[in-house]
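Peer 1: The C-terminal position of the sequence shown is numbered 225 in the numbering used here, with every residue numbered one higher than the one before it.
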Amino acid sequence: MNTPLLTVVLAITVLAAVVLADAVNFDNLKVGAPPPGWTATKTGTGTEKWTIETDNTAPSKPNVLKQSGQATYPVCIKDDTNLKDGFVEVKFKPISGREDQAGGLIWRAKDSNNYYVARANALEDNVTIYDTVNGRRTERKRTSMKVASNQWHTLRVDFAGNHFTVTYDGKKAIEWDDNTFKDAGKVGVWTKADSVTSFDDFTYGGK
């Protein structure tokens, strides 16, 4: 293949990838309310609190999605998503929490009780991947990585077939193979317990 043709092919491939990606930065949404088009809920018990808030440290100002309630696992699911193979990425800032300071992503979610989750924890300085089946979370793999409180970080999961790759702040953290959830499902964000966590620049796409 000659160089000009190769350039065109690569450009088309990049454009196709861009077309398949969607991004949410929360900036045009009502402050103090849950984001429309999302299911702001939890796995387990407690009282979650998902709201749009102003944050002058946000990667894309002015607004973020913030979880400031307390529940077993607060989750916020993007309603109009249905991905089998693709990616999901978010910027998150763990702010406080005595039990946990976690920011996470979910994918292939059937509902608030059945999904995969990858999370980074500022109290434990690690990144971990789990499956949650009928509301019960099971750890599958973890790696030690520095997760600083009150700083923005980037978490990403690429998923294709039964293979999952978790990337944290641009570095590969975990690779894992599993067949628990094979079908397409929704994507979203996740925290645990008393984590107060902000999220911004939520991006996802299919392959």
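All residues carry an ideal CB built from backbone N, CA and C; glycine is no exception.
Per the contact definition of three or more C-beta pairs closer than 8 Å, is the region 38-53 in contact with the region 134-145?
Peer 2: No: fewer than three Cβ pairs fall under 8 Å.
Peer 1: How would you call proline 80, buried or exposed, if buried means at least 16 neighbouring beta carbons within 10 angstroms?
Peer 2: Proline 80 comes out exposed.
Peer 1: Would you tell me roughly how many angstroms separate the C-alpha atoms of glutamate 117 and threonine 99, rounded to the nearest one?
Peer 2: So the alpha carbons of these two residues sit roughly 31 Å apart.
Peer 1: State the Cα-Cα distance for the pair glycine 104 and threonine 221, rounded to the nearest angstrom.
Peer 2: Each residue's Cα considered, the two are about 11 Å apart.
Peer 1: On the three-state DSSP scale, how would you describe alanine 211?
Peer 2: Here alanine 211 sits in strand by DSSP.
Peer 1: With distances taken between CB atoms, is the gap from arginine 160 to asparagine 144 smaller than 8 Å?
Peer 2: It is a contact, given that the beta carbons lie within the stated cut-off.
Peer 1: Helix, strand or coil for arginine 126 per DSSP?
Peer 2: Looking at arginine 126 - three-state DSSP - the assignment turns out to be strand.
Peer 1: Write down the C-beta distance between valine 106 and leucine 123 rounded to the nearest angstrom, noting that I regard them as a contact closer than 8 Å.
Peer 2: With 8 Å as the limit, valine 106 and leucine 123 qualify as a contact, their Cβ atoms being about 5 Å apart.
Peer 1: Where does serine 86 sit, in a helix, a strand or coil, going by DSSP?
Peer 2: Correct three-state label for serine 86: coil.
Peer 1: 8 Å is my cut-off, CB to CB: does threonine 61 come that close to chain C?
Peer 2: The chain inventory of the structure shown lacks chain C, comprising one protein chain alone.
Peer 1: Taking the straight line between their C-alpha atoms, what separation do you get for lysine 210 and threonine 183?
Peer 2: Approximately 21 Å, taken between the alpha carbons.
Peer 1: Tell me which same chain residues have a C-beta within less than 8 Å of the C-beta of threonine 65, skipping the five on either side of it?
Peer 2: Answer for threonine 65: Gly87, Gln88 and Ala89, listed in chain order.
Peer 1: Give, in chain order, every unbroken run of the beta strand (DSSP E) that is at least 3 residues long and sits entirely within the region 145-192.
Peer 2: Qualifying beta strand (DSSP E) stretches, in chain order: 154-162, 171-178 and 181-186.
Peer 1: Please report the distance separating the alpha-carbon of glycine 115 from that of aspartate 212.
Peer 2: Cα-Cα distance, rounded: 5 Å.
Peer 1: Assign tyrosine 49 to buried or exposed, taking buried as 16 or more other Cβ atoms, counted over all protein chains shown, within 10 Å of its Cβ.
Peer 2: The sequence given here has valine at residue 49, not tyrosine. Exposed, since its Cβ has fewer than 16 Cβ neighbours within 10 Å.
Peer 1: For a test of the three-state rule: what should DSSP assign to lysine 48, helix, strand or coil?
Peer 2: DSSP places lysine 48 in coil when its eight states are reduced to three.
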